[in-house]
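Undergrad:
Protein chains in written order, with our numbering: chain A, 2 to 229; chain B, 2 to 229.
#1: Kindly list the residues whose CB is nearer than 6 angstroms to the CB of residue 128 of chain A, restricted to its own chain and excluding five residues on each side of it in sequence; keep chain order.
#2: Ignore the nearest five residues each way along the sequence and tell me which others in residue 84 of chain A's own chain have a CB closer than 8 angstroms to its CB.
#3: Contact between the region 24-37 of chain B and the region 50-68 of chain B is defined here as three or more beta-carbon pairs at a separation below 8 angstroms; is this criterion met?
#4: Can you pull the chain A residues whose beta carbon is under 9 angstroms from the beta carbon of residue 221 of chain B, in chain order?
#5: Any beta-carbon of chain A closer than 9 angstroms to the one on residue 191 of chain B?
#6: Using a C-beta cutoff of 9 angstroms, does residue 39 of chain B count as contacting chain A?
#7: My output table needs one value for residue 122 of chain A: the three-state DSSP class, helix, strand or coil.
#8: Answer with buried or exposed for residue 71 of chain B, where buried requires no fewer than 16 other C-beta atoms within 10 angstroms of its C-beta.
#9: Output, in chain order, the set of chain B residues within a Cβ distance shorter than 8 angstroms of residue 50 of chain A.
#10: At a Cβ threshold of 9 angstroms, is residue 212 of chain B touching chain A?
#11: Chain A beta carbons: is any one of them nearer than 9 angstroms to that of residue 200 of chain B?
#12: By the 8 angstroms beta-carbon criterion, what residues does the region 55-80 of chain B contribute toward chain A?
#13: Using a Cβ-Cβ cut-off of less than 7 angstroms, give me the residues of the region 164-183 of chain B that come near chain A, in sequence order.
#14: Looking at the C-beta of residue 215 of chain A, does it have a partner C-beta in chain B at a distance below 9 angstroms?
#15: According to DSSP, is residue 49 of chain B part of a helix, a strand, or is it coil?
#16: Give a yes or no on contact between the region 40-51 of chain B and the region 181-190 of chain B, applying the rule of three or more CB pairs nearer than 8 angstroms.
#17: Between the C-alpha atoms of residue 1 of chain A and residue 140 of chain B, what's the straight-line distance to the nearest angstrom?
#18: The beta strand (DSSP E) with residue 18 of chain A in it runs from where to where?
#19: Considering only C-alpha positions, which residue in the set A/217, A/212, A/204 is nearest to residue 215 of chain B?
#20: Please classify residue 6 of chain A as buried or exposed, where buried requires at least 16 neighbouring CB atoms within 10 angstroms.
#21: Starting from residue 117 of chain B, follow its DSSP beta bridges and name the residues at the other end.
#22: Among B/190, B/59, B/143, which one has its Cα closest to the Cα of residue 172 of chain B?
#23: What's the C-alpha gap between residue 130 of chain A and residue 51 of chain B?
#24: Can you tell which of A/61, A/169, A/68 has its C-alpha closest to the C-alpha of residue 112 of chain A?
#25: Please say whether residue 213 of chain A and residue 80 of chain A have beta carbons closer to each other than 9 angstroms?
#26: Determine the extent of the alpha helix (DSSP H) in which residue 74 of chain B is found, giving its start and end residues.
#27: CA-CA distance, residue 59 of chain A and residue 198 of chain A?
#28: Determine the closest residue to residue 196 of chain B out of A/66, A/77, A/189, with distance taken between C-alpha atoms.
#29: In the DSSP assignment, the alpha helix (DSSP H) including residue 206 of chain A goes from what residue to what residue?
#30: For residue 211 of chain A and residue 18 of chain A, which I take to be in contact (beta-carbon distance under 8 angstroms), what is that distance rounded to the nearest angstrom?
#31: Going by the beta-carbon positions, is the gap between residue 107 of chain A and residue 201 of chain A smaller than 9 angstroms?
#32: Under the DSSP definition of a beta bridge, which residues are partnered with residue 216 of chain B?
#33: Ignore the nearest five residues each way along the sequence and tell me which others in residue 208 of chain A's own chain have a CB closer than 7 angstroms to its CB.
#34: Residues of chain B with a CB under 7 angstroms from the CB of residue 42 of chain A: which are they?
#35: Given this structure, state the Cα-to-Cα distance separating residue 86 of chain A from residue 110 of chain B, to the nearest angstrom.
#36: Over what stretch of residues does the beta strand (DSSP E) that includes residue 58 of chain B continue unbroken?
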């Protein structure tokens, strides 16, 4: 267990990260905007995902491919009881604090999460319920968010959903148990980097390599920080 | 053929790169020195290599492991007729131009290359012959070095041996045909990055994924620059 201080009763649940990355290490491209929230070229990181039956089901859509990536995505999402995300993944910047015109995020009236989501933010706000997803806004940091997510997840796992800064904070704090990278054979040349500020104290062990159409899945156990 | 201008008679030979990289994209760690030419932590990128029988043979040593990585390294080196390397891979910085005390590089009297090596440098110098390796010093740039390496390699392949800056220059110029990354499950947190300055115009196609002890081998065909 890499994070005994924060485990308590839920020793069997894991903190998990899985994210698509370019071969040059970016999980979003440069120059993010309202039109291109994943930056220039960043959306192509997910080309392998959006064709899958498993992904389409989460969006309430029919059809889709059932290849090895489909099985892997199902496995990844099966045991997740709660998600933590950064403010930028929830929605684009607004002019000020929540208030007269509370922003409902990127995700529309039926978000694809279908579970409790905890959003790291600096602005306090009442929870936002959209269909079967509840967004809870947490202003007191990554440890507090993880405690609340664990409580919500019960025996199930907690997924750190991004973006890069949020994942990097949890990695740097030694709070992640499993990391799966979906390595896409493309370069972005700029943008948001996974592992920025994480450094060599984090120890990894390869669990699994899966080659699939348009992507290679590399799964690691994160063995906690070397100095622990 | 990604580089028709420079092919001429040797259409069947390839320009190849294979290099060990940390999961955070560094091929050497921070703070390189005479004692740690690969930077702090960088030598561990090659832990999977130095135990192999194929690697030990190149150093004139007996024994070693014959696992899947061993077969892969043999395949990588089998058809290489010449190598191009940067000045830093040949040897550490010296006080001035070649002259009274010509530096013989990092590699001792019996270098492990066993083939013609072309060293990119700013200082002209006579070729240096050490056992069955000839180092030729090229001062007129990467294209000139590649033409000379092709000439020396005949029908065999040319290997771009590093460091990062040299590889990145050849990638950015669209002169590489195949790229194999040996992804080591460790973070370096700083150092020399593969792909710096290369960018999204370079198109890649996954050829092969091989999981092996302590490393994952990802091989790509480089499809040339998108704007060509």
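Quick reminder that beta carbons are idealized off the backbone N, C-alpha and C, glycines included.
TA: The short version:
#1: Start at 1 with the first residue of the first chain, and residue 128 of chain A comes out as number 127. If we look at residue 128 of chain A and ignore the five residues flanking it on each side, its Cβ neighbours are 135, 137.
#2: Position 83 of the first chain, counted from the first residue, corresponds to residue 84 of chain A. Once the five neighbours on either side are set aside, the close Cβ partners of residue 84 of chain A are 114, 116, 117, 118, 119, 150, 159, 160, 161, 162.
#3: Short answer: they don't touch.
#4: Sequence index remark: in the second chain, residue 221 of chain B carries index 220 (1-based). At a beta-carbon threshold of 9 angstroms, the residues of chain A lying near residue 221 of chain B are 24, 186, ordered along the chain.
#5: Here residue 191 of chain B is taken as the residue at index 190 of the second chain, counted from 1. Cβ-Cβ to chain A under 9 angstroms: yes for residue 191 of chain B.
#6: Residue numbering aside, residue 39 of chain B sits at position 38 when the second chain is read from its first letter. Output row for residue 39 of chain B: interface = no.
#7: For this step, residue 122 of chain A is matched to residue 121 along the first chain. In this structure, DSSP gives residue 122 of chain A a state outside helix and strand, which the three-state scheme calls coil.
#8: Counting from one through the second chain, the residue named residue 71 of chain B turns up at place 70. That one is buried.
#9: Residue numbering aside, residue 50 of chain A sits at position 49 when the first chain is read from its first letter. Chain B residues near residue 50 of chain A: none, gap ~16 angstroms exceeds 8 angstroms.
#10: Working through the second chain from its first residue, we reach residue 212 of chain B at position 211. Taking Cβ atoms only, chain A reaches closer than 9 angstroms to residue 212 of chain B, which makes this a yes.
#11: Taking the first residue of the second chain as 1, we reach residue 200 of chain B at position 199. Yes, residue 200 of chain B counts as interfacial toward chain A.
#12: Going along the region 55-80 of chain B in chain order, one finds no residue with a Cβ nearer than 8 angstroms to chain A.
#13: Those residues of the region 164-183 of chain B that come within reach of chain A (Cβ to Cβ, closer than 7 angstroms) do not exist; the list is empty.
#14: As a working mapping, residue 215 of chain A is identified with position 214 in the first chain. Using a Cβ-Cβ cut-off of 9 angstroms, residue 215 of chain A counts as an interface residue toward chain B, since at least one Cβ of chain B sits closer than that to its own.
#15: Looking up residue 49 of chain B in the second chain gives position 48. In the displayed model, residue 49 of chain B falls within a helix according to three-state DSSP.
#16: The region 40-51 of chain B is in contact with the region 181-190 of chain B.
#17: Nothing can be reported for residue 1 of chain A: it is not among the residues displayed for chain A, which extend from 2 to 229.
#18: Translated into the one-based positions of the first chain, residue 18 of chain A becomes position 17. Where residue 18 of chain A is concerned, the enclosing beta strand (DSSP E) stretches over 16-23.
#19: Locating residue 215 of chain B in the second chain gives position 214, where the first residue counts as 1. When C-alpha distances from residue 215 of chain B are compared across A/217, A/212, A/204, the shortest belongs to A/204.
#20: Taking the first residue of the first chain as position 1, residue 6 of chain A is located at position 5. Bear in mind that a pLDDT of 44 at residue 6 of chain A, under 50, signals an unreliable position, so the number given afterwards is only what the model happens to contain. A residue is called buried when at least 16 other Cβ atoms come within 10 angstroms of its Cβ; residue 6 of chain A does not meet this threshold and is exposed.
#21: Indexing the second chain from 1 puts residue 117 of chain B at position 116. DSSP, once it has assigned bridges, lists B/135 as partnering residue 117 of chain B.
#22: For this step, residue 172 of chain B is matched to residue 171 along the second chain. Closest option to residue 172 of chain B, Cα to Cα, is B/143.
#23: Reading the first chain from its first residue, position 129 is the one you call residue 130 of chain A. Reading the second chain from its first residue, position 50 is the one you call residue 51 of chain B. Those two C-alpha atoms are separated by around 56 angstroms.
#24: The sequence position of residue 112 of chain A within the first chain is 111, counting from 1. Comparing Cα-Cα distances from residue 112 of chain A to each of A/61, A/169, A/68, the minimum goes to A/61.
#25: Translated into positions along the first chain, residue 80 of chain A becomes position 79. Translated into positions along the first chain, residue 213 of chain A becomes position 212. No.
#26: In the second chain, the residue the question calls residue 74 of chain B occupies position 73. Residue 74 of chain B -> alpha helix (DSSP H) spans 69-79.
#27: By 1-based counting over the first chain, the position of residue 59 of chain A is 58. By 1-based counting over the first chain, the position of residue 198 of chain A is 197. Looking at the backbone, the Cα of residue 59 of chain A and that of residue 198 of chain A are separated by about 32 angstroms.
#28: In the second chain, the residue the question calls residue 196 of chain B occupies position 195. Among A/66, A/77, A/189, the Cα nearest to that of residue 196 of chain B belongs to A/189.
#29: Translated into positions along the first chain, residue 206 of chain A becomes position 205. It is not in any alpha helix (DSSP H) - residue 206 of chain A instead sits in the beta strand (DSSP E) that spans 203-213.
#30: In the first chain, the residue the question calls residue 211 of chain A occupies position 210. In the first chain, the residue the question calls residue 18 of chain A occupies position 17. With 8 angstroms as the limit, residue 211 of chain A and residue 18 of chain A do not qualify as a contact, their Cβ atoms being about 16 angstroms apart.
#31: Mapped onto the first chain, residue 107 of chain A falls at position 106. Mapped onto the first chain, residue 201 of chain A falls at position 200. No. Outside cutoff.
#32: As a position in the second chain, residue 216 of chain B is number 215, starting the count at 1. Residue 216 of chain B pairs with B/213.
#33: Position 207 of the first chain, counted from the first residue, corresponds to residue 208 of chain A. Correct list, in chain order: 220, 221, 222.
#34: Locating residue 42 of chain A in the first chain gives position 41, where the first residue counts as 1. Result: 201.
#35: Taking the first residue of the first chain as position 1, residue 86 of chain A is located at position 85. Taking the first residue of the second chain as position 1, residue 110 of chain B is located at position 109. As the crow flies, the alpha-carbon of residue 86 of chain A is around 56 angstroms from that of residue 110 of chain B.
#36: By 1-based counting over the second chain, the position of residue 58 of chain B is 57. Unbroken run through residue 58 of chain B is the alpha helix (DSSP H), 54-59; no beta strand (DSSP E).
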